[in-house]
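Same order as they appear, the protein sequences are chains A and B. For the record, in the first sequence the residue sitting at position 26 is 26 according to the numbering used here, with numbers rising by one throughout. For the record, in the second sequence the residue sitting at position 114 is 114 according to the numbering used here, with numbers rising by one throughout. All C-beta atoms, glycine included, are put in the ideal place defined by N, C-alpha and C. To start, the structure itself, in structure tokens.
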Amino acid sequence: MPKVKIHRKSTVVDMTAMCDVAFLLLTFFMLTSNLTQKEAATIQTPSSISEIKIPERNIMLILVDAKGKLFFGIDGQENRTALLEKMGKIYNISFDKEELKAFSLINSFGIPISQMKAFLSMKPEERDITAYATGIPCDSLDNQLKNWVSAARSISKDYRIAIKADQATAYPSIKKLMETLQDLNENRYNLITSLETSADLEIKQ
Amino acid sequence: MAEIATYHKKGRKKRRTKKVSTRVDFTPMVDLGFLLITFFMLATTLNKPQTMEIALPSKEKTPEEEQTSVKASRAITILLGRENTVYYYEGTRENEVDPVLNKTNFSPTGLRQFLVKRNYEVMAKVRELKAEKERKRFSDEEFDKRKSAIQQDKSAPIVLIKATDESVYRNLIDVLDEMAICNIDRYAIVGITPFDLDLIANRNAVTTNPNGNK
Chain A
1 MPKVKIHRKS TVVDMTAMCD VAFLLLTFFM LTSNLTQKEA ATIQTPSSIS
51 EIKIPERNIM LILVDAKGKL FFGIDGQENR TALLEKMGKI YNISFDKEEL
101 KAFSLINSFG IPISQMKAFL SMKPEERDIT AYATGIPCDS LDNQLKNWVS
151 AARSISKDYR IAIKADQATA YPSIKKLMET LQDLNENRYN LITSLETSAD
201 LEIKQ
Chain B
1 MAEIATYHKK GRKKRRTKKV STRVDFTPMV DLGFLLITFF MLATTLNKPQ
51 TMEIALPSKE KTPEEEQTSV KASRAITILL GRENTVYYYE GTRENEVDPV
101 LNKTNFSPTG LRQFLVKRNY EVMAKVRELK AEKERKRFSD EEFDKRKSAI
151 QQDKSAPIVL IKATDESVYR NLIDVLDEMA ICNIDRYAIV GITPFDLDLI
201 ANRNAVTTNP NGNK
């Protein structure tokens, strides 16, 4: 019996096309992306049907976590430096160059101004520890948030206030925040929400 | 990878330059490409968060003044209670008679049904306007202008949103959502009054004692 010859096909595939696709996608993602920035608190925003997108620049962000702790942050590194200098003057704390530099790299923070110096001297990895996220005081005796907001407002008129609160935040802390802003005559602001999905609707019912 | 097929014709002598394949193995490059893609995909925020724009009355105008200027027949008060419950009543206290407080929730058959009923005319007009926009294709600015003109209608309800301390932030957003859905343009977030708290307390007392023996 003649031997059946099995024709062997090469298993090698030309990778050029795949490489092209991979880099095409890579280019797309590199151009369209804005990198996720770390926020001082993890917040689950409530969903809404609103489809207005938040502007990318000039945002004064106030975060409220589920326990009602307040966090604050503005964008623009020069503005952050100016902000800390202003706040230092109000509270008679002087910050040196390195502290200002460290502050300009922080996205948002939630500590009283008295702890700011210690906070800034820490390494960035150490700042994540929740013990340091005590929230910015915002009560009638010591309303530091009010000073932060008004200092930021005096730096730039273009800042829009955006409030990002957790869906489980109890109303009194929201009310306190709204009253603080009302005192400053900041009556227009954005509430950050996420897009409503059908799953959200089911929960509601 | 690709080998050069070497064949030899017998007898003929020819000086061959040794050909080196120009093909390069792309596999590692593909690996690298996908690795970077993965990184960028994970590190980006593709969905930009949505926002709601709200404007609150400034402090000089106290909410009490606002409330009295609201015509009772147009006024709806929505109270946010604990565990996603909502209460609403129409009008205010008149002739020593408390308004009827209704209890509902955030489902489409709850608060929305009531608001749709109250704001039916405006909603119908807005729907008509939308259809007209589809046909005639006028600009968005004109649409917004005409829409707000409809919403400023004299008979359209005015909603006062009052949140109790037991409510959570999500309830507030949900109510603001309902305002957008039902095309209610005139609403305000105001502080809760003892009167409203009493209404809720009475209402809950009645439901726990269905016989009404107090």
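### Task
Confirm, please, whether the CB-CB distance from residue 191 of chain A to residue 51 of chain B is below 8 Å.
If you number the second sequence from 1, residue 51 of chain B lands on position 51. If you number the first sequence from 1, residue 191 of chain A lands on position 191. In this structure, residue 191 of chain A lies closer than 8 Å to residue 51 of chain B by Cβ.
### Task
Could you pull out every residue in the same chain whose Cβ sits closer than 8 Å to the Cβ of residue 114 of chain B, ignoring the five residues on either side in sequence?
For this step, residue 114 of chain B is matched to residue 114 along the second sequence. Closer than 8 Å at the Cβ level, and outside the excluded window around residue 114 of chain B, lie 88, 102 and 104.
### Query
So with Cβ pairs under 8 Å, would you call residue 51 of chain A a contact of chain B?
By 1-based counting over the first sequence, the position of residue 51 of chain A is 51. It does; some Cβ of chain B falls within 8 Å.
### Query
If we count Cβ pairs, one from each stretch, closer than 8 Å, do we get three or more for the region 27 to 41 of chain B versus the region 17 to 33 of chain A?
yes
### CB contact check: residue 190 of chain A to chain C, cutoff 8 Å
As a matter of chain content, chain C is missing from the structure shown, whose protein chains are A and B.
#### Entry: Backbone CA spacing between residue 157 of chain B and residue 178 of chain B [nearest angstrom]
Sequence index remark: in the second sequence, residue 157 of chain B carries index 157 (1-based). Sequence index remark: in the second sequence, residue 178 of chain B carries index 178 (1-based). Straight-line Cα distance between these residues: approximately 13 Å.
### Cross-strand partners of residue 60 of chain A (DSSP beta bridge)
Along the first sequence, read from residue 1 onward, the residue named residue 60 of chain A stands at position 60. According to DSSP, which records beta bridges pairwise, residue 60 of chain A is partnered with A:74 and A:161.
### Message
As a quick exercise: from B:204, B:197, B:206 and B:205, pick the residue whose alpha carbon is nearest that of residue 78 of chain B.
### Response
By 1-based counting over the second sequence, the position of residue 78 of chain B is 78. Nearest option by C-alpha distance: B:197.
### Message
With a threshold of 7 Å on Cβ separation, who are the neighbours of residue 175 of chain B within its own chain once the five nearest residues in sequence on each side are excluded?
### Response
For this step, residue 175 of chain B is matched to residue 175 along the second sequence. The residues are 78, 80 and 161.
### Message
Please classify residue 96 of chain A as buried or exposed, where buried requires at least 16 other C-beta atoms within 10 Å of its C-beta.
### Response
Here residue 96 of chain A refers to the residue found at position 96 when the first sequence is read from its first residue. Residue 96 of chain A is exposed by the Cβ-count criterion.
### Task
Just the C-alpha distance for residue 87 of chain A and residue 103 of chain A, rounded to the nearest angstrom, thanks.
Indexing the first sequence from 1 puts residue 87 of chain A at position 87. Indexing the first sequence from 1 puts residue 103 of chain A at position 103. Between residue 87 of chain A and residue 103 of chain A, the C-alpha separation is close to 12 Å.
### Query
If contact means a Cβ-Cβ distance below 8 Å, which residues of the region 160 to 173 of chain B contact chain A?
163, 164, 165, 166, 167, 168, 169, 170, 171, 172 and 173
### Task
Mark residue 152 of chain A as exposed unless 16 or more other C-beta atoms lie within 10 angstroms of its C-beta, in which case mark it buried.
Taking the first residue of the first sequence as 1, we reach residue 152 of chain A at position 152. Buried, by the Cβ-count rule.
### Message
Between the alpha carbons of residue 132 of chain B and residue 53 of chain B, how many angstroms are there, rounded?
### Response
Here the question's residue 132 of chain B lines up with position 132 in the second sequence. Here the question's residue 53 of chain B lines up with position 53 in the second sequence. One C-alpha to the other measures close to 27 Å.
#### Entry: Any C-beta of chain A under 8 Å from that of residue 111 of chain B
By one-based count along the second sequence, residue 111 of chain B stands at place 111. Residue 111 of chain B does not count as touching chain A.
### residue 52 of chain B, enclosing alpha helix (DSSP H) - first and last residue
Taking the second sequence and counting its residues from 1, one reaches residue 52 of chain B at position 52. No alpha helix (DSSP H) holds residue 52 of chain B; the beta strand (DSSP E) holding it covers 50 to 55.
### Query
Do the CB positions of residue 165 of chain A and residue 187 of chain B come within less than 8 Å of each other?
By 1-based counting over the first sequence, the position of residue 165 of chain A is 165. By 1-based counting over the second sequence, the position of residue 187 of chain B is 187. Cβ distance not < 8 Å, so residue 165 of chain A and residue 187 of chain B don't count as in contact.
### Query
Just checking, does the region 137 to 154 of chain B make contact with the region 140 to 149 of chain A on the three C-beta pairs under 8 Å criterion?
no
### Query
Opposite residue 191 of chain A in the DSSP bridges: which residues?
Here residue 191 of chain A refers to the residue found at position 191 when the first sequence is read from its first residue. Answer is A:163 and B:52.
### Message
Taking its Cβ as the centre, do 16 or more other Cβ atoms sit within 10 Å of residue 6 of chain A, making it buried, or is it exposed?
### Response
As a working note, residue 6 of chain A is residue 6 in the first sequence. Answer is exposed; the Cβ neighbour count stays below 16.
### Message
Looking at the strands, I want to know which residues DSSP matches up with residue 141 of chain B.
### Response
Counting from 1 along the second sequence, the entry for residue 141 of chain B is found at position 141. Residue 141 of chain B pairs with nothing; no bridge assigned.
### Query
Skipping 5 residues on each side, what residues in its chain have a beta carbon closer than 8 Å to that of residue 117 of chain A?
Within the first sequence, residue 117 of chain A is the residue found at index 117, counting from 1. If we look at residue 117 of chain A and ignore the five residues flanking it on each side, its Cβ neighbours are 93, 95 and 99.
#### Entry: Residue range of the alpha helix (DSSP H) that includes residue 103 of chain B
As a first step, residue 103 of chain B is located in the second sequence; it is residue number 103 there, counting from the start. Premise fails: residue 103 of chain B lies in the beta strand (DSSP E), 102 to 104, not in any alpha helix (DSSP H).
### Message
Can you give me the C-alpha to C-alpha distance between residue 173 of chain B and residue 199 of chain B, rounded to a whole angstrom?
### Response
One-based indexing of the second sequence puts residue 173 of chain B at position 173. One-based indexing of the second sequence puts residue 199 of chain B at position 199. Each residue's Cα considered, the two are about 23 Å apart.
### Query
Leaving out five residues before and five after residue 44 of chain A in sequence, what residues of the same chain have Cβ atoms less than 6 Å from its Cβ?
Numbered from its first residue, the first sequence carries residue 44 of chain A at position 44. Hits under 6 Å: 166 and 167.
### Message
With a threshold of 8 Å between beta-carbons, can residue 156 of chain A be considered close to chain B, or not?
### Response
Taking the first residue of the first sequence as 1, we reach residue 156 of chain A at position 156. Judged by the 8 Å Cβ criterion, residue 156 of chain A is not in contact with chain B.
### Message
Quick check on residue 197 of chain B - is its C-beta less than 8 Å from some C-beta in chain A?
### Response
Within the second sequence, residue 197 of chain B is the residue found at index 197, counting from 1. Taking Cβ atoms only, chain A never reaches closer than 8 Å to residue 197 of chain B, which makes this a no.
### Query
In the DSSP assignment, what are the bridge partners of residue 28 of chain A?
What you label residue 28 of chain A is simply residue 28 of the first sequence in a count that begins at 1. BP columns for residue 28 of chain A are empty, so no partner.
### Task
Output the distance between the C-alpha atoms of residue 30 of chain A and residue 41 of chain B, rounded to the nearest integer angstrom.
Here residue 30 of chain A corresponds to residue number 30 of the first sequence, with the count starting at 1. Here residue 41 of chain B corresponds to residue number 41 of the second sequence, with the count starting at 1. If you take the alpha carbons of residue 30 of chain A and residue 41 of chain B, they lie about 9 Å apart.
### Message
Please tell me whether residue 19 of chain A has its Cβ less than 8 Å away from any Cβ of chain B.
### Response
For this step, residue 19 of chain A is matched to residue 19 along the first sequence. Answer yes: the Cβ-Cβ gap between residue 19 of chain A and chain B drops below 8 Å somewhere.
### Query
When the Cα of residue 105 of chain A is compared with those of A:138, A:74 and A:178, which residue comes out closest?
To locate residue 105 of chain A, count along the first sequence from 1; it is residue 105. If we check each option's Cα against that of residue 105 of chain A, A:74 comes out closest.
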